[in-house]
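What follows is a short report on a single structure.
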Amino acid sequence: MADLRVNIGGLELKNPVLTASGTFGYGEEFAPFIDLNRLGGYIVKGTTIAHREGNPYPRMVETPSGMLNAVGLQNKGVDYFIEHIWPRMEAVESPLIVNVSGATVADYVAVCEKLAPIEGIPAIEVNISCPNVKQGGMAFGTSCAGAAEVTKAVRRAFPRTVIVKLSPNVTDIASIARAVEAEGADSVSLINTLMGMAIDVERRRPYLSTITGGLSGPAVRPVAVRMVWQVAKAVKIPVIGLGGIMNGRDALEFIMAGATAVEIGTANFIDPTVTIKVIDYLEDYCRRHDVASISSLRGII
Numbered sequence: 000m001a002d003l004r005v006n007i008g009g010l011e012l013k014n015p016v017l018t019a020s021g022t023f024g025y026g027e028e029f030a031p032f033i034d035l036n037r038l039g040g041y042i043v044k045g046t047t048i049a050h051r052e053g054n055p056y057p058r059m060v061e062t063p064s065g066m067l068n069a070v071g072l073q074n075k076g077v078d079y080f081i082e083h084i085w086p087r088m089e090a091v092e093s094p095l096i097v098n099v100s101g102a103t104v105a106d107y108v109a110v111c112e113k114l115a116p117i118e119g120i121p122a123i124e125v126n127i128s129c130p131n132v133k134q135g136g137m138a139f140g141t142s143c144a145g146a147a148e149v150t151k152a153v154r155r156a157f158p159r160t161v162i163v164k165l166s167p168n169v170t171d172i173a174s175i176a177r178a179v180e181a182e183g184a185d186s187v188s189l190i191n192t193l194m195g196m197a198i199d200v201e202r203r204r205p206y207l208s209t210i211t212g213g214l215s216g217p218a219v220r221p222v223a224v225r226m227v228w229q230v231a232k233a234v235k236i237p238v239i240g241l242g243g244i245m246n247g248r249d250a251l252e253f254i255m256a257g258a259t260a261v262e263i264g265t266a267n268f269i270d271p272t273v274t275i276k277v278i279d280y281l282e283d284y285c286r287r288h289d290v291a292s293i294s295s296l297r298g299i300i
């Protein structure tokens, strides 16, 4: 059987399949459908220092080959996560990775300082790319200086693996990846959603309460594969690829473009077992093509 193990900074994963934040809840919601222990890891929903209700409804709409969302980081805050969610999930073998977000650099640091003492949480994903919040979020991810500032502060506050999630809504994503690498990021993940908009012509108003939202799903995949390919050639740290992965073939595209691991997002809404199917596909592909290690396929393009 092929070796599917990969390394993200100091974190070893049993396979390269992760879940994308905001599409997998806290993991426990998917436990009735899949064996969470088979995942390479799972990234929980965006976590902030304080409780957030998110944006007003409606905040999701289906689009051709994808969906727009403007949820706005709805969550009960990091203290609730530590007190209620983590005790229920710490027995899961697959690494739980917390997606961290904030409106200010101090917010990011405060969340990280609360998570740092929990050694069972081996990694965080720093969200500097969410397009659905009025402050912070994507604002940090659209400039080298902003991205570097958050990364430097978080690196000091969290002692284990730091993944920085990048925005595609920029002109030069490779430069931003290099900026966070220089400030101590162990890995980068990309892409987050693309800015989009949909209008209900009968009602003559936008579908979303926020007017614009984040586009995800198969429609963004070619853009995501291109950006992963660019960033993988620009940095030395591992790249995690995501954006419209619906099956194992899609995941393998990202790996061949240079990704060490992948995250599956929107597809979880369609098929809650998709992550396991992708793992099975990668195992079968390696067997059929006599590939000893999945890592040997990384960046062959």
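Numbering that gives the first Met the number 0 numbers the first residue of the sequence shown as 0 and each following residue consecutively. Virtual Cβ for every residue (Gly too), placed ideally from N, Cα, C.
Output the distance between the C-alpha atoms of residue i and residue j, rounded to the nearest integer angstrom.
| i | j | result |
| --- | --- | --- |
| R177 | S128 | 16 Å |
| S93 | T103 | 31 Å |
| E11 | P221 | 28 Å |
| F87 | L35 | Note on identity: in this sequence residue 87 is Arg, with Phe being the wrong assignment. So the two alpha carbons sit approximately 13 Å from each other. |
| A256 | R202 | 42 Å |
| N131 | I278 | Summary for N131: the model assigns pLDDT 48, below 50, so the residue's position carries little reliability, and this model does not support an answer. |
| G76 | I300 | 41 Å |
| V219 | G243 | 6 Å |
| A291 | L281 | 12 Å |
| V91 | D106 | 28 Å |
| A109 | P63 | 39 Å |
| V169 | N246 | 27 Å |
| A69 | D289 | 43 Å |
| G39 | A144 | 32 Å |
| I236 | R204 | 44 Å |
| A30 | T160 | 25 Å |
| E89 | G26 | 11 Å |
| K133 | Y56 | Legend: pLDDT at K133 = 49, less than 50; position of this residue unreliable, no value from coordinates given. |
| I293 | T259 | 9 Å |
| G135 | G101 | With a pLDDT of 47 at G135, under the threshold of 50, the modelled position of this residue cannot be trusted; read the value that follows with caution. Answer to the nearest angstrom: the Cα atoms are 6 Å apart. |
| R297 | N74 | 35 Å |
| V230 | L17 | 19 Å |
| E252 | E112 | 36 Å |
| E150 | R51 | For the sequence presented, residue 150 should be read as Thr rather than Glu. Cα to Cα, T150 sits roughly 23 Å from R51. |
| A122 | R287 | 33 Å |
| T209 | N54 | 7 Å |
| G240 | I254 | 8 Å |
| D78 | G140 | 25 Å |
Quick one, which of the options has its alpha-carbon nearest residue i's?
| i | options | result |
| --- | --- | --- |
| K44 | A19, S188, F29, G65 | A19 |
| G9 | E82, P116, G183, Q73 | G183 |
| L72 | I48, G65, P121 | I48 |
| T46 | V5, G24, F29 | G24 |
| D199 | G53, I7, V60, T22 | V60 |
| K13 | T22, I7, L3 | L3 |
| W85 | L67, G119, Y56, N54 | G119 |
| R248 | S174, A156, A233, V273 | V273 |
| D270 | N54, T22, R225, Y284 | T22 |
| F32 | K276, L241, G53, K164 | K276 |
| R225 | P167, V5, H83 | P167 |
Look up residue i in the DSSP assignment and say whether it is helix, strand or coil.
| i | result |
| --- | --- |
| E52 | coil |
| N36 | helix |
| I263 | strand |
| I269 | helix |
| P31 | coil |
| L296 | helix |
| A170 | According to the sequence shown, residue 170 is Thr rather than Ala. The answer is coil: DSSP assigns T170 none of H, G, I, E or B. |
| V5 | strand |
| T303 | This structure gives no information on residue 303, because the portion of the chain shown stretches from 0 to 300. |
| D199 | strand |
| L207 | coil |
| L10 | strand |
| Y280 | helix |
| M194 | strand |
| A65 | Reading off the sequence, residue 65 comes out as Gly, not Ala. DSSP places G65 in strand when its eight states are reduced to three. |
| K44 | coil |
| V179 | helix |
| L189 | strand |
| L251 | helix |
| V16 | strand |
| V70 | coil |
| V290 | coil |
Just confirm the distance between the C-beta atoms of residue i and residue j, as a whole number of angstroms; I'd bet it's less than 8 Å.
| i | j | result |
| --- | --- | --- |
| V187 | V261 | Wrong, their Cβ atoms sit about 13 Å apart, outside the cutoff. |
| I162 | E124 | 4 Å |
| R58 | L207 | 6 Å |
| V179 | A146 | 5 Å |
| G216 | M66 | 5 Å |
| I42 | D185 | Actually they are not in contact, since the Cβ atoms of I42 and D185 sit about 14 Å apart, beyond 8 Å. |
| I172 | A223 | With a Cβ gap of about 10 Å, I172 and A223 do not count as contacting. |
Is it the case that the CB of residue i approaches a heavy atom of the ligand MN more closely than 6 Å?
| i | result |
| --- | --- |
| E148 | No copy of the ligand MN appears in this structure; indeed no ligand is present at all. |
* May I have a chain-ordered list of the alpha helix (DSSP H) segments no shorter than 4 residues that lie completely inside the segment 80 to 167? => Taking only runs of at least 4 residues, the alpha helix (DSSP H) segments lying wholly in the segment 80 to 167 are 85 to 88, 104 to 114, 137 to 140, 143 to 156.
* At 4 residues or longer, and completely inside the segment 206 to 245: list those alpha helix (DSSP H) runs for me, N to C. => Taking only runs of at least 4 residues, the alpha helix (DSSP H) segments lying wholly in the segment 206 to 245 are 220 to 233.
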